[in-house]
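K.L.:
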Amino acid sequence: MLNLSGIAIDPEQHASHSMSDTVSAKAFADIFKHSTPLLDVRSPMEFRRGAFQHASNLPLLDDAEREAVGTRYRQRGKEAAIALGGELVSGDSRLRRLSAWRIYLEQHPCALLYCFRGGLRSQTVQQWLGRENISVPRIEGGYKALRRFLIHSLERIAAATDFLIVAGKTGSGKTHLLNQLSNSIDLEGIAHHRGSAFGRRARPQPSQINFENNLTAALINLPTASTCKVFIEDESRGIGSVSLPQSLHTQMLAAPIAVVEESLDSRVDTILNDYIVSNYHEFERDQGADLEAVFENFLLTSLARIQKRLGSENYEAIGSLMRDALESQVKTGGFESHRSWIESLLRNYYDPMYDYQLNKKLQRVVFRGDKQEFLNWSASIGATVKEPST
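So in numbering that gives the first Met the number 0, spot 251 of the sequence shown is number 250, and the numbers just go up one at a time.
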């Protein structure tokens, strides 16, 4: 028998709303393929350290309660710790938590339940809900087992996947092209960072653990045809504050390369839209009152990160153009004045650096062409090009 998420459940157990309903490791891949809602009853601190995109944190014990129970366990043992937990989550506190779980499960009837190891906390929640005639399957091994499954899956998929690297000078629109292909991985999207000194977004990046979890889930959901290449952007191992898993990066370093070649004017357009206009509006949604100062600080501190590599003369010249552009933006409300420093930065820094790096791997290049030629070529080797959204 299946519950609504497509996860296998023992039919006799499910029919009787048995509190022993569990989901084994055999079903873990389906959990991530279907983005099955997950009810995570770990403490908020544990959830912040590592979680899954489709999980919601409704803890049995909050951080202070969990710490108190842990202290009692170390001092007086398991039974005393369980007794304290029962005291801390009782009466109105217990009713509030039961209500939150009930509402979540009404909204997500196919959800699965877990704690850190699939032990006492998730069993307790499952039992309490069972007494309310609410049945929710519990994941065997909990978060730890799911995390272990993703780590092993990443190693296996990375080794078995036929990657093709999409390269090109800064501003070539590589990420946009990847998102037009069904069989692709958008590393920068998963990392929530645009992958350069100016790549920071208004909202913070995921933790390293969450980045790895989300990346592996994306790999699990790739097309399964063995002849299908997987397109992935040419990235260094670090993307902002997160790092690509070594196994994946090693495969990328040996994969063939498709080089997207666009004019300087086209690349300036792309950078203006992606790094200036889009970022400004992201900051606008999140910052409000101090928007102009926050955005100015974002650009100037980003430039400062590459000051040594630019050299003092280029750094001062580009910084001056950037400050003039910011001043003009405040006065006019427009962004066109940023083109001058973007073009100078491409000519004097990013383009020479890209040429140097590409020259070291020319033997791996299997294609060169503009964006439309790349899409046509991709389709000719088996890629599925998505229809443009309207």
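Even for Gly, the Cβ is constructed at its ideal location relative to N, Cα and C. These numbers were taken from a predicted model, which means no experiment stands behind them.
Can you give, in chain order, each stretch of the beta strand (DSSP E) that sits fully within the segment 122–189 and has at least 3 residues?
P.N.:
Correct list: 162–167.
K.L.:
Going by beta-carbon coordinates alone, are L97 and E131 separated by less than 8 Å?
P.N.:
In the sequence shown, the residue the question calls residue 97 occupies position 98. In the sequence shown, the residue the question calls residue 131 occupies position 132. In this structure, E131 lies closer than 8 Å to L97 by Cβ.
K.L.:
Got a sec? Which residues, its chain only, sit under 8 Å from I270 by beta carbon, not counting five neighbours each side?
P.N.:
Locating residue 270 in the sequence shown gives position 271, where the first residue counts as 1. Hits under 8 Å: T169, G170, I341, L345.
K.L.:
Within this structure, are the beta carbons of P205 and V241 separated by less than 8 Å?
P.N.:
Walking along the sequence shown from the start, residue 205 turns up at place 206. Walking along the sequence shown from the start, residue 241 turns up at place 242. Yes, the pair counts as a contact, with Cβ atoms nearer than the cut-off.
K.L.:
What separation, rounded to the nearest whole angstrom, lies between the Cα atoms of A166 and Q250?
P.N.:
Taking the sequence shown and counting its residues from 1, one reaches residue 166 at position 167. Taking the sequence shown and counting its residues from 1, one reaches residue 250 at position 251. Taking the straight line from one Cα to the other gives about 15 Å.
K.L.:
Taking 8 Å as the CB-CB limit, is E315 close to chain C?
P.N.:
Protein chains in the displayed structure number just one, and chain C is not present.
K.L.:
Can you give me the start and stop residues for the beta strand (DSSP E) that I256 sits inside?
P.N.:
Counted from its first residue, the sequence shown places residue 256 at position 257. From DSSP, the beta strand (DSSP E) with I256 extends over 256–259.
K.L.:
Roughly how many angstroms separate the alpha carbons of K25 and E105, rounded to a whole number?
P.N.:
One-based indexing of the sequence shown puts residue 25 at position 26. One-based indexing of the sequence shown puts residue 105 at position 106. Whole-angstrom Cα-Cα distance: 26 Å.
K.L.:
Roughly how many whole angstroms lie between the Cα atoms of N212 and A144?
P.N.:
The residue given as residue 212 occupies position 213 in the sequence shown. The residue given as residue 144 occupies position 145 in the sequence shown. Taking the straight line joining both Cα atoms gives about 12 Å.
K.L.:
Run through the DSSP bridge pairs and tell me what A54 is partnered with.
P.N.:
Numbered from 1 along the sequence shown, position 55 holds the residue referred to as residue 54. The partner list for A54 (beta bridge, DSSP) reads L37.
K.L.:
What residue range is occupied by the uninterrupted beta strand (DSSP E) comprising F366?
P.N.:
Stepping through the sequence shown from its first residue, residue 366 is reached at position 367. That run of the beta strand (DSSP E) goes 364–368.
K.L.:
Could you check if M321 is buried or exposed, using at least 16 other CB atoms within 10 Å of its CB as the buried criterion?
P.N.:
Residue numbering aside, residue 321 sits at position 322 when the sequence shown is read from its first letter. Buried: at least 16 other Cβ atoms inside 10 Å.
K.L.:
Would you say the segment 226–235 touches the segment 308–321, given that touching needs at least three Cβ pairs under 8 Å?
P.N.:
Segments in contact, no.
K.L.:
Check whether the segment 170–188 and the segment 371–385 are in contact - that is, three or more C-beta pairs closer than 8 Å.
P.N.:
Segments in contact, yes.
K.L.:
Which residues bound the beta strand (DSSP E) around E234?
P.N.:
In the sequence shown, the residue the question calls residue 234 occupies position 235. Premise fails: E234 is in no beta strand (DSSP E) and is neither H nor E.
K.L.:
Are the beta-carbon atoms of L38 and L112 separated by less than 8 Å?
P.N.:
Locating residue 38 in the sequence shown gives position 39, where the first residue counts as 1. Locating residue 112 in the sequence shown gives position 113, where the first residue counts as 1. Contact flag set, yes.
K.L.:
Quick check for students: name the residue ranges of the beta strand (DSSP E) that lie wholly in the segment 277–337, counting only runs of 3 or more.
P.N.:
List check, beta strand (DSSP E) in window: nothing returned.
K.L.:
H192 to T174, Cα distance in whole Å?
P.N.:
The count along the sequence shown starts at 1 and reaches residue 192 at position 193. The count along the sequence shown starts at 1 and reaches residue 174 at position 175. Whole-angstrom Cα-Cα distance: 11 Å.
K.L.:
Report the three-state DSSP secondary structure of I8 (helix, strand or coil).
P.N.:
Position 9 of the sequence shown, counted from the first residue, corresponds to residue 8. The pLDDT assigned to I8 is 33, lower than 50, so where the model puts this residue is not dependable; a value taken from the coordinates is nonetheless given after this. If DSSP states are grouped into helix, strand and coil, I8 belongs with coil.
K.L.:
Given that a residue counts as buried once 16 or more other Cβ atoms are within 10 Å of its Cβ, and exposed if not, what is N278?
P.N.:
Taking the sequence shown and counting its residues from 1, the one referred to as residue 278 is at position 279. Buried, because 16 or more other Cβ atoms sit within 10 Å of the Cβ of N278.
K.L.:
Should the segment 27–37 be called in touch with the segment 63–70, which here means at least 3 C-beta pairs below 8 Å?
P.N.:
At 8 Å Cβ cutoff, the stretches do not touch.
K.L.:
Please classify L112: does DSSP put it in a helix, a strand, or coil?
P.N.:
Residue numbering aside, residue 112 sits at position 113 when the sequence shown is read from its first letter. It is a strand residue.
K.L.:
Can you tell me which of the three DSSP states I238 falls into?
P.N.:
Counted from its first residue, the sequence shown places residue 238 at position 239. In the structure shown, I238 sits in a strand (DSSP, three-state: E or B).
K.L.:
For the segment 67–119, list the beta strand (DSSP E) runs that are entirely contained and at least 3 residues long, ordered along the chain.
P.N.:
Within the segment 67–119, the complete beta strand (DSSP E) runs of at least 3 residues are 111–113.
K.L.:
Excluding the 5 residues preceding and the 5 following A28 in the sequence, name in chain order all residues of the same chain whose CB lies nearer than 7 Å to its CB.
P.N.:
Translated into positions along the sequence shown, residue 28 becomes position 29. Here the set comprises I219.
K.L.:
With distances taken from CA atoms, which of R147, A303, V329, C114 is nearest P136?
P.N.:
In the sequence shown, residue 136 corresponds to position 137, counting from 1. Of the listed residues, the one whose Cα sits closest to P136 is C114.
K.L.:
Given I189, which residues of its chain have a CB within under 7 Å of its CB, disregarding the five upstream and five downstream residues?
P.N.:
As a first step, residue 189 is located in the sequence shown; it is residue number 190 there, counting from the start. Hits under 7 Å: F210, N213, L214, A217.
K.L.:
Does the Cβ of T160 have 16 or more other Cβ atoms within 10 Å, making it buried, or fewer, making it exposed?
P.N.:
Numbered from its first residue, the sequence shown carries residue 160 at position 161. Classification for T160: buried.
K.L.:
Considering E211, what are the terminal residues of the alpha helix (DSSP H) in which it resides?
P.N.:
Here the question's residue 211 lines up with position 212 in the sequence shown. From DSSP, the alpha helix (DSSP H) with E211 extends over 207–219.
K.L.:
Nearest-angstrom Cα distance between L361 and V258?
P.N.:
The residue you call residue 361 lines up with position 362 of the sequence shown. The residue you call residue 258 lines up with position 259 of the sequence shown. Those two C-alpha atoms are separated by around 10 Å.
K.L.:
Buried or exposed: which applies to L299, given that a residue is buried once 16 or more other Cβ atoms fall within 10 Å of its Cβ?
P.N.:
If you number the sequence shown from 1, residue 299 lands on position 300. Per the 10 Å Cβ criterion, exposed.
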